[in-house]
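Participant: Residue numbers (our numbering): 22 to 668.
Quick one: this structure, given as structure tokens, is what I'll be asking you about.
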Amino acid sequence: MAAAVNESVLRRALLAVAVVGLALGLGVWRSGIGPISPIGPVSPIGPISPMGPISPNAIWAAATLPVVVMLAISILRDFWIGRVGVDAIALVSMSAALLLGQALAAVVVAIMYAGGTVLEDVARGRAERNLRALTDRAPRFAHRKSCEGTETVPVEQVAVGDELLVRAGELLPVDGILIDTSALLDESTVSGEPLPERRSAGDALRSGTVNAGEAFVMRASAIADKSTYAAIVRMVAAAQTAKAPFIRIADRFALLLLPLTLLIAGIAWYVSDDPVRALAVLVVATPCPLILAAPVAFIGGVSRAARAGILMKGSTAVEALAQIRTAIFDKTGTLTIGGAELIEIDVAPDREANELLRLLASLEQASHHVLADSIVRIARHGNLALSQPHDVHEHRGEGLKGRIDRTWVAAGSRSLVLGDGPLPQWATAGEERYRNAQVLRVFLALDGRLAGIFTFGDALRQDARDAVDALRSVGVTRIVMLTGDDGVAAERVSASLDLDAVFADATPADKVATVEAEKATAPAMMVGDGINDAPALAAATVGIAMGARGGTASSEAADVVVLTDRLQPVSEALRIARRTRRIALQSIVVGLALSGAAMISAAMGQITPVVGALLQEGIDVAVILNALRALGDGHFEHDRARKAERP
């Protein structure tokens, strides 16, 4: 980091020297102390005026030399490690300008080159600012509870199972489980959600979120290095260093520009017998559109996605995502909520729904069934006060019975609660309604009398339909569901969302094989949230993990992680990636086209070296500013395009 800062300071200093030199030379020329045109012999630093060495040319040459020296050192250093730098064009043009007595052109090229490097620093700094802000605010300490009280320790010392106190306004130090009844969390910096979210006992918590309410106690479920925020930091580092294939192609193409430029310059010199024409060609041929546009655009796209709660693991993920044509979704937890949702309560005429839910949840506190946690969580989300269960007897696979306060409660299957008895009239409509549905029905009896029937199911996410439509609107032509669930439930979800294909009863190995088959037809992304999805995520062209619920294995295997518990960011990620790639390509093509036209004009003698240097600087600035558009959301452009499509 210190080396990068020092290099940035040096580049700014070189730019300042060149600018001051240009200004001083122009001042000398305007005062009449020395002429610009060559008078007298030509020296390696340019023509020397008969009035003495303090001439405009000498000042400009002196201001150019530091840039030439530092550029030569940089090129030699790259060459030593086997990398040929396209900056050689700038070195050749400045050196040739000095030798040909065109010191003004040389100093303008020096300003152009030094200014380009400074502009690159500024552009990269702006593009990476949001990402660096995430890493700078990483949790440093935790308040660990022990027999002696509470101690403050470095976050690296927190172990799985430690109970941690999180005070108001503090960052959650590691991932964990909420122990206290409830907590209010600001997750905006991690997930992009603008409003605080209420969490209940047993809910998963993510490091890096802020306690927006009162102090609470949580239990660590992961060490710091394996928590959500550490994963974000690793992704940020990857985003800043990884090169997309598109960028690598641009680098290789830039290398081809060097011999092509020298060839055109040589032809111009040979045909015109004027070395100044060759110099003009060299001056306008700097490959900044290729060198800067693609990296700046891709880093901007990664930064824009991060602000939306979408973590892309580097430019490679952006490039691959921009080409996706097929979307493959897991069902449970991805298209559906992934847990037992209370769909309906059939209530006896003399009973009240909330009281029945309170009694059921109170009893389920003593159960080890997977449904019990969901029932308790639903009740606590409704701020229902639960009672301690007593005399509980669990009937494995059937349900349980026990005493809540002074009421005997039985909850579970129809056979456990009613035996062979008939349903009362108020319950028959619901039984018929859900006869063939993929739901779980929990019967509740109070003091031996049926009081209510709870219907649970794995319902579709509220935004699932909108998410599918949004994917089609951004160019995805095939949407597939891939699930380990049974075919009946899968077909029901598919019909609701109008999907193109369904693959049910799939093992993790089957999922990988299906993803490989889809990928062979068109670039395919896999969207999932579970541990069993990790192999399929890794096999896809792009793996997208729904990481809001803390799926560490799937998040590590994925190329993109969505930090909100919504599907809309999936289509937003595609839109950002495609816009980023389009901006990068546009910047490169337009920049090279303008540079090519300028090279032809220079070869024909229509552009002088000084004018060419100024023109190329303008092209570079325009290209980088255009690439920085990738930092924006692009909604204005999207709306304008949609209006243009309307008749």
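Glycine is no exception: its CB is placed at the ideal position from the N, C-alpha and C atoms.
1) In the structure shown, what three-state DSSP assignment does alanine 51 receive?
2) Does the stretch 108 to 126 come close enough to the stretch 86 to 93 to have 3 or more Cβ pairs within less than 8 angstroms?
3) Which value, in whole angstroms, describes the spacing of the CA atoms of lysine 334 and serine 248?
4) Do you know offhand how far glycine 478's Cα is from alanine 326's?
5) If you drop the 5 nearest sequence neighbours on each side, which residues of the same chain put their C-beta closer than 7 angstroms to that of threonine 535?
6) Could you tell me whether the stretch 497 to 514 touches the stretch 401 to 412, using the rule of 3 or more Cβ pairs below 8 angstroms?
7) Scan the stretch 370 to 398 and note each continuous alpha helix (DSSP H) run of 4 residues or more that stays entirely inside, going in chain order.
8) I'd like to confirm the pairing. Which residues does DSSP put opposite arginine 499 in its beta bridges?
9) Does the Cβ-Cβ distance between valine 631 and alanine 289 come in under 8 angstroms?
10) Can you list, in chain order, the residues of its chain with a C-beta nearer than 7 angstroms to that of valine 38? Leave out the 5 residues immediately preceding and following it.
11) Give the C-beta separation of alanine 651 and alanine 159 to the nearest angstrom, bearing in mind that I take them to be a contact with Cβ-Cβ under 8 angstroms.
12) May I ask which residues mark the beginning and end of the alpha helix (DSSP H) holding serine 116?
13) Where aspartate 487 and alanine 579 are concerned, what is the direct C-alpha to C-alpha distance, given to the nearest angstrom?
14) Going by DSSP, which residues form a beta bridge with glycine 478?
15) Report the residue from Thr355, Pro217 and Arg398 whose alpha carbon sits nearest the alpha carbon of alanine 566.
16) Express the C-alpha separation of threonine 202 and leucine 481 in angstroms, rounding to a whole number.
17) So what does aspartate 207 bridge to, in DSSP terms?
18) When we look at the beta-carbon of phenylalanine 657 and count the other beta-carbons within 10 Å, is it buried (16 or more) or exposed?
19) May I have the straight-line CA-CA distance separating valine 514 from threonine 353, to the nearest angstrom?
20) May I ask you to report which of helix, strand or coil DSSP gives methionine 239?
21) Applying the 10 Å Cβ sphere with the 16-neighbour rule, what's the burial state of alanine 555?
22) Counting pairs of beta carbons, one from the stretch 374 to 387 and one from the stretch 584 to 595, are three or more of them closer than 8 angstroms?
23) Quick check: the Cα distance between proline 175 and histidine 164, rounded to an integer number of angstroms?
24) Where do the ends of the alpha helix (DSSP H) carrying serine 434 lie?
25) What residue range is occupied by the uninterrupted beta strand (DSSP E) comprising methionine 546?
26) Looking only at its chain, what residues have a beta carbon closer than 7 angstroms to the beta carbon of glycine 42, apart from the 5 residues adjacent to it on each side?
27) Which residue's Cα is closest to the Cα of aspartate 207: Leu606, His416 and Ala189?
28) What is the rounded straight-line gap between the Cα of threonine 347 and the Cα of alanine 131?
29) Given leucine 520, which residues of its chain have a CB within under 6 angstroms of its CB, disregarding the five upstream and five downstream residues?
30) Look up histidine 164 in the DSSP assignment and give the residues it is bridged to.
31) Roughly how many angstroms lie between the CA atoms of tyrosine 134 and arginine 98, to the nearest whole one?
32) Count the other CB atoms, across all protein chains shown, that sit within 10 Å of the CB of asparagine 27; report buried if there are 16 or more and exposed otherwise.
33) Count the other C-beta atoms from every protein chain shown that fall within 10 angstroms of the C-beta of phenylalanine 100, then say buried if there are 16 or more, exposed otherwise.
34) Using 10 angstroms around the beta-carbon of leucine 646, count the other beta-carbons present and answer buried if the total reaches 16, otherwise exposed.
35) I'd like the span of the alpha helix (DSSP H) that includes glycine 508, first residue to last.
36) Taking isoleucine 565 as part of the beta strand (DSSP E), name the residues at either end of that continuous run.
Facilitator: On the basis of the supplied data:
1) The residue labelled residue 51 in the question sits at position 30 within the sequence shown. The residue you asked about is not alanine; residue 51 is arginine in the sequence shown. Helix at arginine 51.
2) yes
3) In the sequence shown, the residue the question calls residue 334 occupies position 313. In the sequence shown, the residue the question calls residue 248 occupies position 227. Going by the C-alpha atoms only, they are around 16 angstroms apart.
4) Mapped onto the sequence shown, residue 478 falls at position 457. Mapped onto the sequence shown, residue 326 falls at position 305. Computed Cα separation, rounded: 33 angstroms.
5) Along the sequence shown, read from residue 1 onward, the residue named residue 535 stands at position 514. For threonine 535, where only same-chain residues beyond five positions count, the Cβ hits under 7 angstroms are Leu503, Phe524 and Ala527.
6) no
7) 374 to 385
8) The residue given as residue 499 occupies position 478 in the sequence shown. BP columns for arginine 499 point to Thr347.
9) Counting from 1 along the sequence shown, the entry for residue 631 is found at position 610. Counting from 1 along the sequence shown, the entry for residue 289 is found at position 268. No.
10) The residue labelled residue 38 in the question sits at position 17 within the sequence shown. Result list for valine 38: Ala84 and Pro87, in chain order.
11) Numbered from its first residue, the sequence shown carries residue 651 at position 630. Numbered from its first residue, the sequence shown carries residue 159 at position 138. Incorrect: roughly 26 angstroms between the Cβ atoms, too far for contact.
12) Working through the sequence shown from its first residue, we reach residue 116 at position 95. Residues 109 to 120.
13) Here residue 487 refers to the residue found at position 466 of the sequence shown. Here residue 579 refers to the residue found at position 558 of the sequence shown. Each residue's alpha carbon lies about 23 angstroms from the other.
14) For this step, residue 478 is matched to residue 457 along the sequence shown. For glycine 478, which the question treats as bridged, DSSP gives the partners Glu362.
15) Looking up residue 566 in the sequence shown gives position 545. Closest by alpha carbon: Thr355.
16) Translated into positions along the sequence shown, residue 481 becomes position 460. Translated into positions along the sequence shown, residue 202 becomes position 181. Near 27 angstroms, if we compare the C-alpha coordinates of threonine 202 and leucine 481.
17) Taking the first residue of the sequence shown as 1, we reach residue 207 at position 186. Its beta-bridge partners are Val231.
18) Translated into positions along the sequence shown, residue 657 becomes position 636. Interpretation of phenylalanine 657 is limited by its pLDDT of 44, a score under 50 that renders its predicted location unreliable; no figure is taken from the coordinates.
19) Walking along the sequence shown from the start, residue 514 turns up at place 493. Walking along the sequence shown from the start, residue 353 turns up at place 332. In a straight line, the C-alpha of valine 514 is about 10 angstroms away from that of threonine 353.
20) The residue you call residue 239 lines up with position 218 of the sequence shown. DSSP places methionine 239 in strand when its eight states are reduced to three.
21) Locating residue 555 in the sequence shown gives position 534, counting from the first residue. Under this definition alanine 555 is a buried residue.
22) no
23) Here residue 175 is taken as the residue at index 154 of the sequence shown, counted from 1. Here residue 164 is taken as the residue at index 143 of the sequence shown, counted from 1. If I take the Cα positions, the gap works out to 9 angstroms.
24) Residue 434 sits at position 413 when you count from the first residue of the sequence shown. Element bounds for serine 434: n/a, residue is neither H nor E.
25) The count along the sequence shown starts at 1 and reaches residue 546 at position 525. Note, methionine 546: beta strand (DSSP E), 545 to 549.
26) In the sequence shown, counting from the first residue as 1, residue 42 sits at position 21. Closer than 7 angstroms at the Cβ level, and outside the excluded window around glycine 42, lie Ile80, Trp81, Ala83, Ala84 and Val128.
27) Within the sequence shown, numbered from 1, the residue matching residue 207 stands at position 186. Ranking the options by Cα distance to aspartate 207, first place goes to Ala189.
28) Within the sequence shown, residue 347 is the residue found at index 326, counting from 1. Within the sequence shown, residue 131 is the residue found at index 110, counting from 1. If I take the Cα positions, the gap works out to 48 angstroms.
29) By 1-based counting over the sequence shown, the position of residue 520 is 499. Answer for leucine 520: Ile500 and Met502, listed in chain order.
30) Within the sequence shown, numbered from 1, the residue matching residue 164 stands at position 143. Its beta-bridge partners are Thr173 and Leu186.
31) Within the sequence shown, residue 134 is the residue found at index 113, counting from 1. Within the sequence shown, residue 98 is the residue found at index 77, counting from 1. Using only the alpha carbons, I get a separation of about 18 angstroms.
32) Numbered from its first residue, the sequence shown carries residue 27 at position 6. Answer is exposed; the Cβ neighbour count stays below 16.
33) As a position in the sequence shown, residue 100 is number 79, starting the count at 1. Exposed, by the Cβ-count rule.
34) The residue given as residue 646 occupies position 625 in the sequence shown. By the 10 Å Cβ count, leucine 646 comes out exposed.
35) Mapped onto the sequence shown, residue 508 falls at position 487. Run containing glycine 508: 508 to 518, per the alpha helix (DSSP H) assignment.
36) As a working mapping, residue 565 is identified with position 544 in the sequence shown. Start and end: 563 to 567.
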